[in-house]
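Read through the structure below, which is laid out as structure tokens, and then see the notes.
Residue numbers (full-length UniProt numbering): 1 to 209.
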């Protein structure tokens, strides 16, 4: 799981670099979208793209259920991590209360700017995209060739659609990856011990019967 820490650090460094140039990066990306006629595609991905990862995670979960109890336990723990990542993101949003870039920008955006109070940092979509992708990779590593590019595209689309800064999505990706990994590291051993103790108890009761 060492890759997760490397990815998280790289994303956080990228976020720190992007923050001072957030307005320039935001304007450059948002104004490029209509010039290359990608408004419809960007809007679709930014608003519905997460469904691809949800569907992929569902398939991975069913595969684990049918094929591998060990991988299923990892996936279940990662699922808990997805929920925790989302809750953390919501809490951080409330604490930081960073306004959306579109709230103060005169630029035309692909997505309608969310109402005031719907904060920008970190990007919930990016958190969930990274969390779902990480859950899939931890349970079934070969899915990385699908879920990682999809997560990156979803996160990028949130900037292109005009509702987030670059550092919002990079931080969101980092939060999603590290939270799911930490939850799996901490929870999975407990899960395994509990499952083993239950199996021992059932065998003992079966022997007495």
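Each residue gets a CB set at the ideal place from its N, CA and C atoms; glycine is no exception.
Taken in chain order, the whole beta strand (DSSP E) runs of length 3 or more contained in the segment 113-174 number zero. In the DSSP assignment, residue 62 falls within the unbroken alpha helix (DSSP H) covering 50-67. The way I'd put it, the segment 111-127 does touch the segment 162-173; three or more beta-carbon pairs between them come closer than 8 Å. For residue 137, the CB contacts under 8 Å within the same chain, skipping 5 residues up- and downstream, are 143, 144, 147, 148 in chain order. Put simply, of 94, 189, 40, 160 the residue whose alpha carbon is nearest the alpha carbon of residue 25 is 160.
Assigned with DSSP and collapsed to three states, residue 78 falls in helix. Put simply, of 130, 101, 107 the residue whose alpha carbon is nearest the alpha carbon of residue 116 is 101. Straight-line spacing of the CA atoms in residue 4 and residue 72 works out to 20 Å.
Annotated as distal: residue 8 and residue 153, with beta-carbon spacing of 8 Å or more. In this structure, the CA atom of residue 78 is about 30 Å from the CA atom of residue 19. For residue 114, the number of other beta carbons within 10 angstroms of its own is below 16, and it is reported as exposed. Counted as a single uninterrupted DSSP element, the alpha helix (DSSP H) harbouring residue 32 occupies residues 22-35.
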